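Engineer:
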Amino acid sequence: MTICFKGGNYATAANFARMLLENSPSEAQAKKARQVLQACGDKKDANQLNYDYRNPFVVCGATFVPIYRGQKDISCPYCGSRFVPAIEGQICTVCELAVVGADASGLLCSPSQSR
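Numbering-wise (my numbering), the sequence shown opens with residue 25 and increments by one.
#1: In the DSSP assignment, what are the bridge partners of Tyr92?
#2: Compare the C-alpha of Ala86 against each of Asn33, Ile98, Ala70 and name the closest.
#3: With distances taken Cα to Cα, identify the nearest neighbour of Ala110 among Gln62, Phe88, Glu120, Glu51.
#4: With DSSP collapsed to three states, give me the class of Ser99.
#5: Is Ala35 near Met25, with beta carbons less than 8 angstroms apart?
#6: Could you say which of Lys30, Gln72, Lys56, Ala52 lies nearest to Ala41 if we only look at CA atoms?
#7: Within a Cβ cutoff of 8 angstroms, which residues of the same chain sit near Asp127, ignoring the five residues on either side of it in sequence?
#8: Report the rounded CA-to-CA distance for Gly94 versus Gln72, giving the unit in angstroms.
#9: Who are Arg106's beta bridge partners in DSSP?
#10: If we call anything under 8 angstroms between Cβ atoms a contact, is Cys84 one with Val108?
Structure follows, in structure tokens:
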């Protein structure tokens, strides 16, 4: 929130402040969020961000870009991390144990899971 505010992305900072206030923050955090909301007013963002607060997303485990709902993605068969399709065939950067997009059974912890 404060980084966006200092960077001139006032609309995004105001959105982060509103989300923070909805989640019962500490008094110090709430005070800071209210200050940011008041300072932002109706100002716009100075920089274009690859972020849409209205659309739920997961973060790619390799490139750290958002993968929005409805976009194609692939996952690691071992740890389940999600990735953009360009990462398919590479070793998972999260668990470093499996190939992203490979067809595998995943982690099996008991004999009953393999049936």
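Ideal Cβ positions, reconstructed from N, Cα and C, are used throughout, including at glycine. If you're wondering where the values come from, they're calculated on a predicted model, not measured in any experiment.
Structural biologist: From the atom records:
#1: Looking at the DSSP output, Tyr92 shares a beta bridge with Phe81.
#2: When each option's Cα is compared against that of Ala86, the closest is Ile98.
#3: Phe88
#4: Secondary structure of Ser99 (DSSP, three-state): strand.
#5: Going by C-beta atoms, Ala35 is not nearer than 8 angstroms to Met25.
#6: Lys56
#7: Pro101
#8: 22 angstroms
#9: In DSSP, Arg106 forms a bridge with Ser99.
#10: The answer is yes: Cβ separation under 8 angstroms.
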